[in-house]
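Contents: one structure, followed by commentary.
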Amino acid sequence: MRVKFWGTRGSIPVPGKDTIKYGGNTTCLEITLENGREIIIDAGTGMRQLGMEIISNDIKHIDFFLTHSHWDHIQGFPFFAPIFRKDISLNIYGVSPTFERLLDILKGQMEFIYFPVQFKQLGAKISFKKFDPKGIDLDGVKVSSIMTNHPLETHAFKFEENDKTLVFMTDNELDHQVIATTPYDKQVDFVRGANILIHDAQYKKEEIDKYKGWGHSSWQETVALAKKAGVEKLFFTHYDPSRTDTEIDEIVIEANKISGKLSVLGAREGNSFEF
Ligand SMILES: [Zn+2]
Numbered sequence: 003m004r005v006k007f008w009g010t011r012g013s014i015p016v017p018g019k020d021t022i023k024y025g026g027n028t029t030c031l032e033i034t035l036e037n038g039r040e041i042i043i044d045a046g047t048g049m050r051q052l053g054m055e056i057i058s059n060d061i062k063h064i065d066f067f068l069t070h071s072h073w074d075h076i077q078g079f080p081f082f083a084p085i086f087r088k089d090i091s092l093n094i095y096g097v098s099p100t101f102e103r104l105l106d107i108l109k110g111q112m113e114f115i116y117f118p119v120q121f122k123q124l125g126a127k128i129s130f131k132k133f134d135p136k137g138i139d140l141d142g143v144k145v146s147s148i149m150t151n152h153p154l155e156t157h158a159f160k161f162e163e164n165d166k167t168l169v170f171m172t173d174n175e176l177d178h179q180v181i182a183t184t185p186y187d188k189q190v191d192f193v194r195g196a197n198i199l200i201h202d203a204q205y206k207k208e209e210i211d212k213y214k215g216w217g218h219s220s221w222q223e224t225v226a227l228a229k230k231a232g233v234e235k236l237f238f239t240h241y242d243p244s245r246t247d248t249e250i251d252e253i254v255i256e257a258n259k260i261s262g263k264l265s266v267l268g269a270r271e272g273n274s275f276e277f
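Following this note's numbering, the numbering of the sequence shown begins with 3 at its first residue and continues without gaps.
Below is the structure:
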């Protein structure tokens, strides 16, 4: 599996001198499976650049998964060049109850008062696929999902290929005192033994009390989850828009002091890795 980060920011894009290293674009992740399938999770503003690369690499089919429809996860979609190409097909997977609204969500943000090109004018062959809660099979790769704790229904996704497991879990409040969609133990089970966990780390421990119920986690809670679940490598993502590169550097250093065997990194826009 090859993974590339195209957007690592939460809430709103924040270009500028303080976000050059970890990036200012909102959530978008590319996964290239060993079986050749091209996966995208979320359509944050990072999706624009990914679209250009997909075209230059001549990729013709994409499987797209949406965690949820808040702005920072959908705004890049109208700027994703492959949707204008007749020679490209796109499967859009949604989990109920988001699935029932997927077309309205994507069409709605392209209405003429927001955007000059309408959804019905798109060139790509777009199919909406209802995600089976028990999981789906993509040419031998198991994809499963779980609901996170967020004000709007939001899903984490797990990809299992051969003996490798990746979990992408963002917009998740691990301290579920206010939002308790999925109990902590179930989340631990979902993540258990993953080689790679990419998880929301929007806040610090000393900030999180102000944001209870907003559907995000502190980096300390994220490390605790990964340790408890026996994860090999953890990437922080969905950084708060006001978090600077320097602060993220410091957070990653602090995290590795308490992480034991677990290796912790900060997801950086433009970086990729294989495992
Ligand atoms: Zn978000």
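Note that CB positions come from ideal geometry on N, CA and C, so glycine has one too.
Cβ pair D60, R39 closer than 8 angstroms = Contact annotation: D60 and R39 have beta-carbon atoms that are not nearer than 8 angstroms.
Reducing DSSP to helix, strand and coil, say where N93 ends up.
-> Strand, per DSSP.
Give me whichever residues DSSP pairs with S58 in a beta bridge.
-> Within the DSSP secondary-structure output, S58 pairs in no beta bridge.
So K212 is in the alpha helix (DSSP H); what residue range does that whole segment cover?
-> Counting along the chain, K212 falls outside any alpha helix (DSSP H), and DSSP gives it neither H nor E.
Find out if the Cβ-Cβ distance for the pair L68, D106 is shorter than 8 angstroms.
-> Not a contact, by the Cβ cut-off of 8 angstroms.
Where D173 falls, given that 16 or more other Cβ within 10 Å makes a residue buried | D173 should be labelled buried.
What is the DSSP secondary structure of M3, counted as helix, strand or coil?
-> Under the three-state reduction of DSSP, M3 is assigned to coil, being neither helix nor strand.
Which first and last residues belong to the beta strand (DSSP E) in which T224 is found?
-> For T224, no beta strand (DSSP E) encloses it; the enclosing alpha helix (DSSP H) starts and ends at W221 to K230.
Mapping DSSP to helix, strand and coil, what is F114?
-> In the structure shown, F114 sits in coil (DSSP, three-state: anything other than H, G, I, E or B).
Same chain only: Cβ atoms within 7 angstroms of F275, ignoring 5 sequence neighbours per side | Apart from sequence neighbours up to five positions away, the residues of its chain that approach F275 with a beta-carbon distance below 7 angstroms are V5, ordered along the chain.
CA-CA distance, Y95 and F130?
-> For Y95 and F130, the distance between alpha carbons rounds to 6 angstroms.
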